[in-house]
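Working notes, structure below.
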Amino acid sequence: IRSGRELRQTVCWQKSQMVFITNIPFQMSEAEISSWLTEGGAITMLQLGKDEKTARRPGWGHVQFATAAEAKAAVERCDRREFHGCVLRVAPCRPYKRFQLELPEEVQV
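Using this note's numbering, you'd call the opening residue of the sequence shown number 32 and step up by one each time.
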C-alpha cells in the first residue's frame, strides 16, 4: 500500500511535462537538441545547465513539453540514443526524487 506522499508523487510524475537530459555532448547546440526532441511533440522550454565560473555547459538540461504525453513519448523515443558519439539519457523529472542512471554493462566494474 502506498502512502499519501508516494501516491501524490506518482500522480505528479504521470502528469509531468518536464524531462531531464544528461550526457549532452559539449558541441551539441540548443537548436540540435530542440530538433532532436521535437519529433514527438512541442517544446515549450529548453534550459541547459551552465557552469557559472567557466560559462561551459556541464552536459545536462531540462526540457518542458506542451503535454505530459509528449514528454513521455520523448523519454521512450530518445533515452539511450546516440548523438555526436555520446549516448544521451532522457528521463522524466520526478518531484522529490534524485535522478540516478544505470551505467552500461561495458562500463560497470
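Positions of the beta carbon are idealized from the N, C-alpha and C atoms, including for glycine.
Within the segment 44 to 104, ranges of the beta strand (DSSP E) (whole runs, at least 3 residues): When DSSP assignments are scanned along the segment 44 to 104, the uninterrupted stretches of beta strand (DSSP E) that are 3 or more residues long and fall wholly within it turn out to be 49 to 53, 74 to 79 and 91 to 96.
Three-state secondary structure (DSSP) of Arg125: Here Arg125 sits in coil by DSSP.
Backbone secondary structure at Arg108 - three-state DSSP: Here Arg108 sits in helix by DSSP.
Assigned exposure category for Pro123 - 16 Cβ within 10 Å defines buried: Buried is the call here.
Arg120, buried or exposed, once every other Cβ within 10 Å from all chains shown has been counted against 16: So Arg120 counts as buried.
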